[in-house]
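Residue numbers (the UniProt record's numbering): 1 to 410. Report on one structure; see the data block that follows.
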């Protein structure tokens, strides 16, 4: 028997027991599809998280205020105090000691109600400077952004997020309309492009006003100079670390702090956020892939079981072939090809199911699934290896049967 004849005989044996073969393939099919979907979901989630973090801006450093302690001695987390001021942001923007920082945007954020055309909408109102648009890597769909002159004169102008504009004005022309905040009218001068959401905020539901306007008109009091966040843009990816060191050193000097561990602010970078998120999802992907791999093991056991049954059913056939001169290698080869056919069938069908599900499920679960060609190819290869590996023992058992004993079997 040559290889072609062995393949023809093996395919005939698999096809003649179609239902049994289908049930055997099913175990491998489910395992392969599960592995492809698990790896794809892990890669897709990493992609989504990276995109959300990148939506904050490019080469970004985020400076947050320090912690606060209330009268009962309970200490809040970073961001709960008012340790950063507009003066800090101005110093970072103008300092010759921070050449690796190309852009600075301070934010003062509060939640306020906006009124327009008998419609109310509560949103996040952010006071900031003209550099915010570039630092946060945002664009305008219409109109213009606040200018340095608007900030100097505390102008009553406002730029709306796309969702905020829709809620207040619907399909009407937005630029030039008036919005009332805390009984003070603001003229809409621009609308931001859609940006989606990050891990905690809706980036399209906000309103932007000049920082000085927010400080003097909307907030006032002793907190008028305090900022919620300072965004720093490094000149390039390679200068992000240097920008971090420059910002930390300058702020420590401004706040008269000698020990960096006692800093009343925190600085985080996109790289750190991406690395942390990626590490978490890589661990989950490995764990879930291992669980999915167990179904492949079950499928392999099913292949071994069905091959042992096949050997038992065809004992007389094996004895007759060996009596006519078939060598043990030819018998072994036939059963190994049968096992490989089962494994390959399960791998191909599982890959088709996994890829199809990866294309259809994102719209249902709301998360991206990235189909990895390497994972698909590897899964098919693993399916074949499993089929052959679990077929070795039945094939070897068939090859070792003595012709006389095989012919006498019932």
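Glycine included, each C-beta is placed from N, C-alpha and C at the ideal position.
Tell me the DSSP bridge mates of residue 190? 143, 159
Once the 5 residues before and after residue 318 are set aside, which same chain residues still bring their CB inside 8 Å of it? 311, 331, 398, 401, 406
Label residue 327 either buried or exposed according to how many other C-beta atoms from any shown protein chain fall within 10 Å of its C-beta, with 16 as the threshold for buried. exposed
Please list, in chain order, all residues of the same chain as residue 304 whose beta carbon is under 6 Å from its beta carbon, the five residues on each side excluded. 390
At 4 residues or longer, what runs of the alpha helix (DSSP H) sit wholly inside the stretch 226 to 274? 240 to 254
Rounded to the nearest angstrom, what separates residue 176 and residue 288 at their Cα positions? 53 Å
Let me know the secondary structure DSSP gives residue 197 once reduced to three states. strand
Bridge partners - residue 185, DSSP secondary structure assignment: 180
Could you tell me the distance, in whole angstroms, from the CA atom of residue 160 to the CA atom of residue 174? 9 Å
Report back the beta-carbon spacing between residue 230 and residue 84 to the nearest angstrom; my notes put them in contact at under 8 Å. 6 Å
Under the three-state reduction of DSSP, which class applies to residue 12: helix, strand or coil? helix
By Cβ distance below 6 Å, which residues in the same chain neighbour residue 214 in space, the five residues on each side in sequence not counted? 108, 127
Bounding residues of the beta strand (DSSP E) (the contiguous stretch that carries residue 111): 101 to 116
Could you tell me whether the Cβ atoms of residue 59 and residue 102 are closer together than 9 Å? yes
Taking Cβ positions, are residue 180 and residue 114 nearer each other than 9 Å? yes
To the nearest angstrom, report how far apart residue 38 and residue 285 are at their CA atoms. 7 Å
I'd like the span of the beta strand (DSSP E) that includes residue 210, first residue to last. 206 to 210
Residue closest to residue 121, alpha-carbon to alpha-carbon, out of 131, 170, 137: 170
Can you tell me which of the three DSSP states residue 387 falls into? helix
Output the boundary residues of the alpha helix (DSSP H) element that contains residue 364. 362 to 365
In this structure, how does DSSP classify residue 402 when only helix, strand and coil are distinguished? coil
Does residue 328 come out as helix, strand or coil in the three-state DSSP assignment? helix
Identify which residue in 371, 205, 302, 261 has its Cα closest to the Cα of residue 110. 205
Which residue comes first and which comes last in the beta strand (DSSP E) that contains residue 122? 119 to 128
Local conformation of residue 2 per DSSP, three classes: coil
Find the nearest neighbour of residue 226 within the set 316, 263, 347, 89, judged by alpha-carbon distance. 89
Return the residue from the list 301, 323, 184 that minimises the CA-CA distance to residue 116. 184
Sort 4, 64, 33 by Cα distance to residue 267 and report the nearest one. 64
Can you list, in chain order, the residues of its chain with a C-beta nearer than 6 Å to that of residue 147? Leave out the 5 residues immediately preceding and following it. 130
Alpha carbon to alpha carbon, how far is residue 337 from residue 43? 35 Å
Give me the DSSP bridge partner(s) of residue 64. 266
According to DSSP, is residue 24 helix, strand or coil? helix
Where does the unbroken alpha helix (DSSP H) through residue 318 begin, and where does it stop? 315 to 323
Does residue 245 pass the burial test, meaning 16 or more other C-beta atoms within 10 Å, or should it be called exposed? exposed
Might you give, ordered along the chain, the residues of its own chain that have their beta carbon closer than 7 Å to the beta carbon of residue 321, omitting 5 neighbours on each side? 331
CB contact flag (residue 293, residue 346, <9 Å): no
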